[in-house]
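Have a look at the structure below before the remarks.
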Amino acid sequence: MDPLRRSPSPCSSSRPSSPSTPPCEMLGPVGIEAVLDQLKIKAMKMGFEFNIMVVGQSGLGKSTMVNTLFKSKVWKSNPPGLGVPTPQTLQLHSVTHVIEEKGVKLKLTVTDTPGFGDQINNDKCWDPILGYINEQYERYLQEEILITRQRHIPDTRVHCCVYFVPPTGHCLRPLDIEFLQRLCQTVNVVPVIARADSLTMEEREAFRRRIQQNLRTHCIDIYPQKCFDEDINDKILNSKLRDRIPFAVVGADREHLVDGRCVLGRKTKWGIIEVENMAHCEFPLLRDLLIRSHLQDLKDITHNVHYENYRVIRLNESHLLPRGPGWVNLAPASPGQLTSPRPFKVCRGAHDDSEDEF
Amino acid sequence: MSKQQPAQFINPETPGYVGFANLPNQVHRKSVKKGFEFTLMVVGESGLGKSTLINSLFLTDLYPERVIPGAAEKIERTVQIEASTVEIEERGVKLRLTVVDTPGYGDAINCRDCFKTIISYIDEQFERYLHDESGLNRRHIVDNRVHCCFYFISPFGHGLKPLDVAFMKAIHNKVNIVPVIAKADTLTLKERERLKKRILDEIEEHNIKIYHLPDAESDEDEDFKEQTRLLKASIPFSVVGSNQLIEAKGKKVRGRLYPWGVVEVENPEHNDFLKLRTMLITHMQDLQEVTQDLHYENFRSERLKRGGRKVENEDMNKDQILLEKEAELRRMQEMIARMQAQMQLQMQGGDGDGGALGHHV
Numbered sequence: 001m002d003p004l005r006r007s008p009s010p011c012s013s014s015r016p017s018s019p020s021t022p023p024c025e026m027l028g029p030v031g032i033e034a035v036l037d038q039l040k041i042k043a044m045k046m047g048f049e050f051n052i053m054v055v056g057q058s059g060l061g062k063s064t065m066v067n068t069l070f071k072s073k074v075w076k077s078n079p080p081g082l083g084v085p086t087p088q089t090l091q092l093h094s095v096t097h098v099i100e101e102k103g104v105k106l107k108l109t110v111t112d113t114p115g116f117g118d119q120i121n122n123d124k125c126w127d128p129i130l131g132y133i134n135e136q137y138e139r140y141l142q143e144e145i146l147i148t149r150q151r152h153i154p155d156t157r158v159h160c161c162v163y164f165v166p167p168t169g170h171c172l173r174p175l176d177i178e179f180l181q182r183l184c185q186t187v188n189v190v191p192v193i194a195r196a197d198s199l200t201m202e203e204r205e206a207f208r209r210r211i212q213q214n215l216r217t218h219c220i221d222i223y224p225q226k227c228f229d230e231d232i233n234d235k236i237l238n239s240k241l242r243d244r245i246p247f248a249v250v251g252a253d254r255e256h257l258v259d260g261r262c263v264l265g266r267k268t269k270w271g272i273i274e275v276e277n278m279a280h281c282e283f284p285l286l287r288d289l290l291i292r293s294h295l296q297d298l299k300d301i302t303h304n305v306h307y308e309n310y311r312v313i314r315l316n317e318s319h320l321l322p323r324g325p326g327w328v329n330l331a332p333a334s335p336g337q338l339t340s341p342r343p344f345k346v347c348r349g350a351h352d353d354s355e356d357e358f
Numbered sequence: 001m002s003k004q005q006p007a008q009f010i011n012p013e014t015p016g017y018v019g020f021a022n023l024p025n026q027v028h029r030k031s032v033k034k035g036f037e038f039t040l041m042v043v044g045e046s047g048l049g050k051s052t053l054i055n056s057l058f059l060t061d062l063y064p065e066r067v068i069p070g071a072a073e074k075i076e077r078t079v080q081i082e083a084s085t086v087e088i089e090e091r092g093v094k095l096r097l098t099v100v101d102t103p104g105y106g107d108a109i110n111c112r113d114c115f116k117t118i119i120s121y122i123d124e125q126f127e128r129y130l131h132d133e134s135g136l137n138r139r140h141i142v143d144n145r146v147h148c149c150f151y152f153i154s155p156f157g158h159g160l161k162p163l164d165v166a167f168m169k170a171i172h173n174k175v176n177i178v179p180v181i182a183k184a185d186t187l188t189l190k191e192r193e194r195l196k197k198r199i200l201d202e203i204e205e206h207n208i209k210i211y212h213l214p215d216a217e218s219d220e221d222e223d224f225k226e227q228t229r230l231l232k233a234s235i236p237f238s239v240v241g242s243n244q245l246i247e248a249k250g251k252k253v254r255g256r257l258y259p260w261g262v263v264e265v266e267n268p269e270h271n272d273f274l275k276l277r278t279m280l281i282t283h284m285q286d287l288q289e290v291t292q293d294l295h296y297e298n299f300r301s302e303r304l305k306r307g308g309r310k311v312e313n314e315d316m317n318k319d320q321i322l323l324e325k326e327a328e329l330r331r332m333q334e335m336i337a338r339m340q341a342q343m344q345l346q347m348q349g350g351d352g353d354g355g356a357l358g359h360h361v
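Same order as they appear, the protein sequences are chains A and B. Residues 1 to 358 (UniProt numbering) make up the first sequence, in order. Residues 1 to 361 (UniProt numbering) make up the second sequence, in order.
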């Protein structure tokens, strides 16, 4: 594995609060703050894109969780017993929806990975997933190096990968560790404890502590990564989050009546588990992290760190053979997928036929 | 013949009554004195609540010094067999219970070799029993054969996993399998029904032979028949295990305390724990019988057919024997030919020396 090369975020060098630029005295209001409104209007016009991938063994509630997160039937969750056989090899399905709320449009793409970890021999089951992620980076890269680029490059890169850990109550399994180790270097990973309604509160805490310890022992750097905390506020906020990760979540897409309110939850003989109740599960924390507070941050880190790392590796290899030591095997080619990229020149002024079309 | 003896052997009230109706009582007394032995094997992925369930079933703490291995240890580990024996006594009846645990099952990334250890353990117990049975002193044979295997199915899947199917197919001819759905408190009632039906369909589809409860005899009372019918309809049992006492509705029950309610272990509306316990206890004898009459006899006939030679070389041996026999035949034929030639020489030599001279070349 190549050591992770961390390029500093380009935004940080141009911050007005950096020590090299002294603040200048203002003689009266100029109207600079209007730029925020302009940004907002532009953003609302363009809409946002968010790509999320859910990984975990079948039956851990991935589809239900996505439906609950976005409060819409993004996936028709496959109820058990409807004759859906476990696929023999890992497949990846993507589904794209445009969700709108208060004039803000979000183009959401959810990639599911049925068949992950379900076989007897799960060796290298993470390869197709890594291949898919790298393929999205490759696609963006190819668009970026064109001579006449599109104004807005369609962003299909995976911004966040939610990894569902089965609630065994003991510790991370070898499969979890292998997967997390490999994926943390390529994409933002947020592990969650799935189906947490099988653990009592004490068991949950103990499980969480053990998972955190496992992650530290194996040097797995999950989102939010410590090294990207930009200032003290970020640090405080993110430390609180890091203390609670992995979140213990429960997903539900049915509504029930509790105390006169209609809530999303699971109804059992001994009580109703409310999904949005912090006392029952930590789903609100996950939702806040992914949507309300850190969505833009996830995209930034994907663009500035993970994508840049990928780009550096690819550009370094370009004058070597296409399949150099840092190259990750892509998933087996299917008609719609990218074939092996041809070497391209680093300098953008060159007029190359190879850059015209794939 | 003393005078007291006739008094002892008076005929009881009804004529024609011999008195062997007392036999079951004698058997009962003998077996109570002897005690029972039962070996139960639990197989399933880690974290499915196997140890908790065993402790709840037998109301003991079978694993007092249990240390759950960390993630790093799990990576290097292979499947191990741990047998713990405990003697339980209830109203004078002694039960020597052995629980065979299989930590490490299903943990590795590549689980292809998961069940080799388990199968060789089962075979080893059969082998040992066979050896003891064929020995000279058969008075105190210890029966360590596995009488029943609880196979824990994860409630989080959509049915049986490929590993479940492969494992059950590998041992269904060696041991009684009782499939159990673990951690059932994570499923709503509908989900539970769906999962049970799905599992039963898959078991039938793959021709897996699980343990079937014997039907109640026609002369048993209605309650027992009803109970057996209910038990049969609930397979596979979905259970919740716990030994913690929780206060619920004014009384102390064994259960699990959640913020949204209490799951009671012994409440038949919450889970099938009581059914599983009833099944185990009322059919313990039947499980032992099936192990003895079916699985053990299968093993024994296979074993004796092989006659002490290893299975892999069986076909080779047949060919080898044929070759050896052919070689021996040839040798014998050569020997006969030589002997015949010699005899001819002798006869000719005896006929006439002159002739022999003539024949000398």
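Idealized CB from N, CA, C, for every residue including glycine.
- Counting only runs of at least 3 residues, the segment 83-135 of chain A fully encloses the following beta strand (DSSP E) elements, listed from N- to C-terminal order: 93-101, 104-112.
- For a cut-off of 8 Å, the C-beta gap from residue 57 of chain A to residue 167 of chain A is around 11 Å, too long to register as a contact.
- Following the DSSP letters along the chain, one finds residue 206 of chain A inside the alpha helix (DSSP H) bounded by residues 201-217.
- At least one CB atom of chain B sits nearer than 8 Å to the CB of residue 121 of chain A.
- CA-to-CA, the gap between residue 236 of chain B and residue 200 of chain B works out to about 8 Å.
- Rounded to the nearest whole angstrom, the C-alpha separation of residue 172 of chain A and residue 186 of chain A is 20 Å.
- Look at the segment 144-160 of chain B: the residues with a C-beta under 7 Å from a C-beta of chain A are 156, 157, 158, 159.
- Shown here for residue 203 of chain B: same chain residues with a beta carbon closer than 7 Å to its own, the five before and five after excluded, namely 210 in chain order.
- In terms of Cβ geometry, residue 181 of chain B and residue 153 of chain B form a close pair [threshold 8 Å].
- Closest by C-alpha distance to residue 282 of chain A, out of A:252, A:37, A:271, is A:252.
- Counting along the chain, residue 56 of chain B sits inside the alpha helix (DSSP H) bounded by residues 50-58.
- Close to chain A, meaning a Cβ-Cβ distance shorter than 7 Å, is no residue of the segment 220-248 of chain B at all.
- With a contact defined as Cβ atoms closer than 8 Å, residue 242 of chain B and residue 254 of chain B qualify at about 5 Å.
- If you ignore the 5 residues before and after residue 232 of chain B, its C-beta comes within less than 7 Å of the C-beta of 213, all in its own chain and listed in chain order.
- DSSP places residue 268 of chain A in the uninterrupted beta strand (DSSP E) bounded by 261-268.
- DSSP places residue 64 of chain A inside the alpha helix (DSSP H), whose first and last residues are 62-69.
- In the structure shown, the three-state DSSP call for residue 266 of chain B is coil.
- A residue is called buried once 16 or more other Cβ atoms fall within 10 Å of its Cβ, and residue 138 of chain A is buried on that count.
- For residue 47 of chain B, the residues of chain A that pass the 8 Å Cβ criterion are 166, 167, 168, 169, 170, in the order they occur in the chain.
- Interface annotation, residue 258 of chain B: in contact with chain A, CB-CB separation under 8 Å.
- For residue 176 of chain A, the secondary structure class from DSSP, reduced to helix, strand or coil, is helix.
- Taking residue 175 of chain A as the centre and dropping the five residues before and after it, the same chain places the C-beta of 117, 122 closer than 6 Å to its C-beta, in chain order.
- The alpha-carbon of residue 159 of chain B is positioned some 44 Å away from that of residue 143 of chain A.
- Identification of residues in the segment 264-288 of chain A having a C-beta nearer than 7 Å to some C-beta of chain B yields 266, 267, 268, 269, 270, 271, 272, 273, 279, 280, given in sequence order.
- Judged by DSSP in its simplified three-state form, residue 187 of chain A adopts coil rather than helix or strand.
- Counting other Cβ atoms within 10 Å of its Cβ, residue 134 of chain A reaches 16 or more and is therefore classed as buried.
- Interface annotation, residue 113 of chain A: not in contact with chain B, CB-CB separation never under 8 Å.
- In the DSSP assignment, residue 22 of chain B falls outside any alpha helix (DSSP H) and carries neither an H nor an E.
- Rounded to the nearest whole angstrom, the C-alpha separation of residue 279 of chain A and residue 259 of chain B is 7 Å.
- For residue 65 of chain A, no CB of chain B lies under 8 Å from its own CB, so it is not counted at the interface with that chain.
- Pairwise C-beta distances place the segment 252-261 of chain A out of contact with the segment 226-243 of chain A, as fewer than three of them are shorter than 8 Å.
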